[in-house]
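Q: Starting off with a structure, shown below.
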Amino acid sequence: PEASVAELMEFIKGPDFPTAGLILGTQGIRDAYHTGRGSIKVRARAKIEPMNGNRQRIVITEIPYQVNKARLVERIA
81 PEASVAELME
91 FIKGPDFPTA
101 GLILGTQGIR
111 DAYHTGRGSI
121 KVRARAKIEP
131 MNGNRQRIVI
141 TEIPYQVNKA
151 RLVERIA
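Just remember that my numbering sits 80 ahead of the position in the sequence shown, which is counted from 1.
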């Protein structure tokens, strides 16, 4: 109760989403800790893997929270 938002953020970096993903920026987290409301932008995590025949593929390893996997696959395909 007596810790400042800056002190709190030293120990609790941000929310831990069940599907992971990358949080972009800290202002939304700071706002959420300070006021109880904040907008947090999250993006997918992906990597490029080599394949046979000098080809590559993009592998999505984490998706933002509440992103529908089936709709994501439809949009990519």
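Think of the CB as a built atom: it goes at the ideal place given N, C-alpha and C, for glycine as much as any other residue.
Please report how far the alpha carbon of Gly116 lies from the alpha carbon of Asn148, in whole angstroms.
A: For Gly116 and Asn148, the distance between alpha carbons rounds to 26 Å.
Q: Let me check one thing: in DSSP terms, what residues is Leu102 bridge-paired to?
A: DSSP output for Leu102 lists Arg123 as bridge partner(s).
Q: Does any CB atom of chain B fall closer than 8 Å to the CB of Ala112?
A: Although the question refers to chain B, the structure presented lacks it and comprises just one protein chain.
Q: Just to confirm, is the Cβ distance from Ile109 to Gly101 under 8 Å?
A: Going by C-beta atoms, Ile109 is not nearer than 8 Å to Gly101.
Q: Between which two residues does the beta strand (DSSP E) carrying Ile140 extend?
A: Ile140 -> beta strand (DSSP E) spans Arg135 to Glu142.
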